[in-house]
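The sequence shown begins at 42 in this note's numbering and counts up one residue at a time.
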Amino acid sequence: MKAQEKAFDGIRLSGFLAILFILVILGASIFMFTLKQPWSIVLGIIGALCAIFMCYGLIIIQPNNSRVMTFFGKYVGTIIENGFFWVNPLLLKTKVTLRIFNLNLEPIKVNDKVGNPVMIGAVVVWRIKDTYKATFDISGDVKSFVQIQSDAALRQVAGMYAYDTNETTDKVTLRSDNEGEVTKRLEDELNSRLTLAGIEVVEARINYLAYASEIAGVMLRRQQADAIIAARERIVEGAVSMVHLALEKLEKDSIVELDEEKKATMVSNLLVVLCADESAQPVINTGTLYQ
42 MKAQEKAFDG
52 IRLSGFLAIL
62 FILVILGASI
72 FMFTLKQPWS
82 IVLGIIGALC
92 AIFMCYGLII
102 IQPNNSRVMT
112 FFGKYVGTII
122 ENGFFWVNPL
132 LLKTKVTLRI
142 FNLNLEPIKV
152 NDKVGNPVMI
162 GAVVVWRIKD
172 TYKATFDISG
182 DVKSFVQIQS
192 DAALRQVAGM
202 YAYDTNETTD
212 KVTLRSDNEG
222 EVTKRLEDEL
232 NSRLTLAGIE
242 VVEARINYLA
252 YASEIAGVML
262 RRQQADAIIA
272 ARERIVEGAV
282 SMVHLALEKL
292 EKDSIVELDE
302 EKKATMVSNL
312 LVVLCADESA
322 QPVINTGTLY
332 Q
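Okay, structure coming up:
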């Protein structure tokens, strides 16, 4: 959306020059009081009131802060420059900070793409880019607006992806976001919601992800089973390779001649030894393989 913020182009003087002018008026007012004439006392009172009134026009703007200026309800601009200034005392000066904020979204329960309840939390880094929208286009506190919209965006993005690849054939999941697609989608969703309030999302990322408590135990056992199966496959693959290497070495070096039955027995014994969870107990055979 088009930015509605504009620079303040009204009367703006150096604050130190304004203080000097106020002191001059106060000095003149005190001098009028010393004359002790009716007209001089009136002038002294008017001068003192003018000096006090002018003090309301002094403002100090620190780095990464601004003042949104309104004149009887009409927006007249924003002062972003840092320093000590004096402006029209009748202007309403609203302070708007341009500094970067961190929002830590507490883990919330949502359903992922396949319907599993998960707990997900995020960190959002944001700042105000358009002071007009942040001041006049939303009702209430800006931080509360960011909190509510970020919660809604996180819920929507979490429902677009599965928790893990075990639940879907999609390459990108909430847990395995190697290319940053989920993070980019979350940032885009936040920007689309917060741009209405003149807010820019600097960074957004998921900082907490887990199954909900009611299915956490079941999913943990499933993950353990998948890990055991993967480990078994790796062990069997390695054992077969070792047996094949052993048979080739025995045949190449002519250490012993084995017929098919002896090879089968040797393969069986080696696979039992290599694939067993516990250490194998050696048995000494005093006879032959055929007795």
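Note that the Cβ used here is the ideal one computed from N, Cα and C, for glycine as well.
This structure is a prediction, so every number in the text was calculated from the model and none was measured.
Beta-carbon spacing of residue i, residue j below 8 angstroms
i: Tyr249; j: Met307; result: no
i: Val281; j: Ile240; result: no
i: Phe177; j: Tyr116; result: yes
i: Ile100; j: Lys134; result: yes
i: Lys154; j: Tyr202; result: yes
i: Cys91; j: Ile66; result: yes
i: Leu235; j: Leu195; result: no
i: Ile243; j: Val223; result: The sequence shown places Val at residue 243, not Ile. Going by C-beta atoms, Val243 is not nearer than 8 angstroms to Val223.
i: Leu132; j: Thr111; result: yes
i: Asn152; j: Gly200; result: yes
i: Leu311; j: Ala287; result: yes
Buried/exposed call for residue i, threshold 16 Cβ in 10 Å
i: Thr75; result: exposed
i: Gln103; result: exposed
i: Ser191; result: buried
i: Leu54; result: exposed
i: Phe49; result: buried
i: Thr206; result: exposed
i: Gly85; result: buried
i: Phe72; result: exposed
i: Trp127; result: buried
i: Gly279; result: exposed
i: Ala238; result: buried
i: Thr172; result: buried
i: Lys184; result: exposed
i: Leu261; result: exposed
i: Gly181; result: exposed
i: Thr214; result: buried
i: Ile189; result: exposed
i: Ser70; result: buried
i: Glu230; result: buried
i: Met42; result: Note on Met42: pLDDT 48, under 50, position unreliable in the model; no value is reported.
i: Gln45; result: exposed
i: Ser107; result: buried
i: Val83; result: exposed
i: Ile169; result: buried
i: Val109; result: buried
i: Val277; result: exposed
First through last residue of the beta strand (DSSP E) which encompasses residue i
i: Lys212; result: That residue, Lys212, is in no beta strand (DSSP E); it is neither H nor E in DSSP.
i: Asn106; result: 106 to 112
i: Ala175; result: Careful: Ala175 lies outside any beta strand (DSSP E), inside the alpha helix (DSSP H) at 172 to 177.
i: Thr135; result: 133 to 138
i: Gly124; result: 124 to 128
i: Arg115; result: One detail in the question is off: residue 115 reads as Lys in this sequence, not Arg. Looking at the DSSP string, the run of the beta strand (DSSP E) that includes Lys115 is 115 to 120.
i: Lys150; result: 142 to 152
i: Val159; result: 158 to 169
i: Asn248; result: 240 to 252
Start-to-end residues for the alpha helix (DSSP H) that takes in residue i
i: Phe186; result: 183 to 199
i: Thr224; result: 222 to 235
With a floor of 3 residues, list each beta strand (DSSP E) that falls wholly inside the region 45 to 94, ordered by position along the chain. Fully enclosed beta strand (DSSP E) runs of 3 or longer: 53 to 55.
| field | At least 3 beta-carbon pairs within less than 8 angstroms: the region 160 to 177 vs the region 134 to 152 | value | Touching, yes, given that three or more Cβ pairs across the two stretches are closer than 8 angstroms.
With three or more C-beta pairs closer than 8 angstroms as the rule, is the region 76 to 86 touching the region 116 to 133? With the rule of 3 Cβ pairs closer than 8 angstroms, the region 116 to 133 does not count as touching the region 76 to 86.
* Asked: Taking one C-beta from the region 91 to 101 and one from the region 53 to 68 each time, how about it: are there three or more such pairs within less than 8 angstroms?
  -> By the Cβ criterion, the region 91 to 101 is in contact with the region 53 to 68, since at least three pairs of Cβ atoms, one from each stretch, lie closer than 8 angstroms.
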